[in-house]
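**Q** Handing you a structure now.
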Amino acid sequence: MKYVVTGCAGFVGSTLVDRLVADGHHVVGLDDFSTGREAFVRQACEAPGFELVRGDLRDPGLALDAALGADAIFHLAANADVRHGTEHPTRDLEQNTIVTVNVLEAARRNGVRDFLFSSTGSVYGEAPVVPTPEDAPMPVQTSLYGASKVAAEGFIQAYAEGFGIRALIFRFVSLLGERYTHGHVIDFVRQLREHPDRLHVLGNGRQRKSYLYVGDCIEAMLTALRAAPGKVGVYNLGAGEYCQVIDSVGWICETLRVTPTLTFSGGDRGWIGDNPFIFLDCARMRGLGWEPTMTIREAVVRTVGWLQEHDA
Ligand SMILES: NC(=O)c1ccc[n+]([C@@H]2O[C@H](COP(=O)([O-])OP(=O)(O)OC[C@H]3O[C@@H](n4cnc5c(N)ncnc54)[C@H](O)[C@@H]3O)[C@@H](O)[C@H]2O)c1
Numbered sequence: 046m047k048y049v050v051t052g053c054a055g056f057v058g059s060t061l062v063d064r065l066v067a068d069g070h071h072v073v074g075l076d077d078f079s080t081g082r083e084a085f086v087r088q089a090c091e092a093p094g095f096e097l098v099r100g101d102l103r104d105p106g107l108a109l110d111a112a113l114g115a116d117a118i119f120h121l122a123a124n125a126d127v128r129h130g131t132e133h134p135t136r137d138l139e140q141n142t143i144v145t146v147n148v149l150e151a152a153r154r155n156g157v158r159d160f161l162f163s164s165t166g167s168v169y170g171e172a173p174v175v176p177t178p179e180d181a182p183m184p185v186q187t188s189l190y191g192a193s194k195v196a197a198e199g200f201i202q203a204y205a206e207g208f209g210i211r212a213l214i215f216r217f218v219s220l221l222g223e224r225y226t227h228g229h230v231i232d233f234v235r236q237l238r239e240h241p242d243r244l245h246v247l248g249n250g251r252q253r254k255s256y257l258y259v260g261d262c263i264e265a266m267l268t269a270l271r272a273a274p275g276k277v278g279v280y281n282l283g284a285g286e287y288c289q290v291i292d293s294v295g296w297i298c299e300t301l302r303v304t305p306t307l308t309f310s311g312g313d314r315g316w317i318g319d320n321p322f323i324f325l326d327c328a329r330m331r332g333l334g335w336e337p338t339m340t341i342r343e344a345v346v347r348t349v350g351w352l353q354e355h356d357a
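Just so we're aligned: 335 in our numbering is position 290 of the sequence shown, and the numbers increase by one with no gaps anywhere.
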C-alpha cells in the first residue's frame with residue numbers, strides 16, 4: 046500500500062511511520078519541522094520504503110503532489126498545543142482547519158480511498174456525560190484548538206458524504222510514550238531536573254484525566270483502517286481508566302527518585318481550556334477488537350524513562 050502521513054516528524058506521526066515502514070508499506074511523510082524533529086525520522090529515512098517531503102501544508106500544492114497514487118492519508122499534522130492557544134488566536138484555524146481542507150482536497154483530487162484524522166477529546170469541551178461517548182452533545186468549545194478540530198471534523202465528514210472518501214476520525218485523550226515532546230509529564234520532569242526539591246502544579250492537582258500509550262493509539266488506527274464499517278467512523282481513543290494529576294506526580298517522582306515540596310496554582314483547572322475531567326467511552330473502538338495494552342501508570346513511567354534516556 047502507499048500511505049501518506051502528514052506530521053511525520055512529530056511524536057505520533059513518526060511512530061506511525063516506523064510501524065507502516067516495518068509492515069512493508071510505501072510511505073510518503075510530510076512535515077515542516079515546526080515542532081517535528083529530525084531525530085524522529087532518521088530511522089525511517091534509511092528505509093527504502095520511506096520518502097520525506099519537507100514543506101508547509103498551508104501550501105495546497107504540497108499534499109496534492111504527495112497524494113498521487115495513495116491508498117490512504119493519515120492526517121496528523123497540526124498545532125497540537127492547547128494551552129497557549131489564546132496567545133496565537135489564528136494559529137489553530139490555519140494549522141488545523143485550513144491545512145485539513147488542503148489535505149482533503151489532495152485526497153479528493155487524487156481519488157484517495159481512506160482519510161484518517163487525529164482529532165481530540167478536547168472537542169467535547171466540558172462534557173456533561175462522563176465517560177463521554179462519541180455521540181455526546183458538545184455544546185460549548187473551551188479552546189481554540191478544540192474549535193479548530195471540530196471544524197476540521199465537519200469538513201472531513203462533508204467530503205466523505207460528497208466525494209465518497211471513507212473518513213475515520215479519532216478523538217484521542219493525551220498520549221504518552223517514546224518521543225513524547227509536550228504535556229504535563231515533560232513539564233514536570235524538566236522542573237524536577239532543574240530543582241529536584243520543588244514542583245509547581247497548575248490547578249489543584251485533582252484534575253481527572255485519561256491518557257493512552259502512543260503504541261495503543263497507532264494499533265487502534267490500523268485496526269479501524271482494516272475493520273471499520275461505513276463511510277464515516279468517529280472513534281474515541283483512551284485508556285479504560287483515569288487518574289488525578291497528583292497520581293501522575295507521584296509516579297513521576299517515584300521514577301525519578303525525588304520527593305519535592307509541591308505547590309499548586311489553585312482552582313479546578315490549570316489554564317483556559319484545561320478540562321478538569323476527561324474520560325472517554327471507547328466501547329465503539331473496542332467493538333472492532335482493539336484493547337489498550339498499557340495502564341496509565343505504566344505509560345507515565347515509560348515516558349519518564351524515555352525522557353531521561355534522551356535528556357529531553
Ligand atoms: N499528543 C497528544 O497527546 C494528542 C492528543 C490528541 C490529539 N493529538 C493530535 O495528534 C496529532 C499529532 O500530535 P503530536 O503529539 O504528534 O504533535 P507534534 O507537534 O509532535 O506533531 C505534529 C507535526 O506536524 C507538523 N506540522 C505542524 N504544522 C504543519 C504544517 N503547516 N505543515 C507541515 N507540517 C506541520 C509538525 O512539525 C509536527 O512534526 C495532532 O493532530 C494532534 O492535534 C495529539
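Each residue gets a CB set at the ideal place from its N, CA and C atoms; glycine is no exception. These numbers come from a predicted model, not from an experiment.
Is it the case that the CB of Lys194 approaches a heavy atom of ligand 2 more closely than 8 angstroms?
**A** Judged by which ligands are present, ligand 2 is missing from the structure shown, whose ligands are ligand 1.
**Q** Is any non-hydrogen atom of ligand 1 found closer than 8 angstroms to the C-beta of Cys288, if you look at the structure I gave you?
**A** Outside the cutoff, so no.
**Q** Consult DSSP for Gly69 and reduce its assignment to one of helix, strand or coil.
**A** Gly69: coil per DSSP, three-state reduction.
**Q** Would you say the beta carbon of Phe324 comes nearer than 8 angstroms to a heavy atom of ligand 1?
**A** No - ligand 1 has no heavy atom lying nearer than 8 angstroms to the Cβ of Phe324.
**Q** How would you write the range of the beta strand (DSSP E) that Asn124 sits in, first residue to last?
**A** Looking at the DSSP string, Asn124 is not in any beta strand (DSSP E), and its letter there is neither H nor E.
**Q** Got a sec? Which residues, its chain only, sit under 7 angstroms from Asp242 by beta carbon, not counting five neighbours each side?
**A** Only Pro305 and Thr306 meet the Cβ criterion.
**Q** When you compare the stretch 151-161 with the stretch 75-89, are there three or more beta-carbon pairs, one atom per stretch, that lie closer than 8 angstroms?
**A** Verdict: no, contact absent.
**Q** Could you have a look at His245 and say whether DSSP puts it in helix, strand or coil?
**A** Reduced to three states, the DSSP call for His245 is strand.
**Q** Are Leu61 and Asp77 closer than 9 angstroms when you measure CB to CB?
**A** Not a contact, by the Cβ cut-off of 9 angstroms.
**Q** Within 8 angstroms: the Cβ of Ala122 and any heavy atom of ligand 1?
**A** Yes; taking the cut-off as 8 angstroms, the Cβ of Ala122 has a heavy atom of ligand 1 nearer than that.
**Q** Out of curiosity, what's the CA-to-CA distance linking Pro184 and Ala92?
**A** Taking the straight line from one Cα to the other gives about 46 angstroms.
**Q** Which partner residues does Leu138 have in the DSSP bridge list?
**A** Answer by DSSP bridge pairing: none, since Leu138 is not bridged.
**Q** Say the cut is 8 angstroms; is the CB of Gly69 nearer than that to a heavy atom of ligand 1?
**A** Outside the cutoff, so no.
**Q** Can you check whether the C-beta of Ser219 is within less than 9 angstroms of a C-beta belonging to chain C?
**A** Checking the listed chains, one finds no chain C in this structure; it contains a single protein chain.
**Q** For the alpha helix (DSSP H) that contains Glu150, what are its first and last residues?
**A** Val144 to Asn155 is the extent of the alpha helix (DSSP H) around Glu150.
**Q** For ligand 1, is there a heavy atom less than 8 angstroms away from the beta-carbon of Phe233?
**A** Outside the cutoff, so no.
**Q** Using the C-alpha atoms, what's the distance from Glu179 back to Asp137?
**A** So the two alpha carbons sit approximately 22 angstroms from each other.
**Q** Which residue from Arg128, Trp335, Ile214 and Glu299 puts its Cα closest to that of Lys194?
**A** The candidate whose alpha carbon is nearest that of Lys194 is Ile214.
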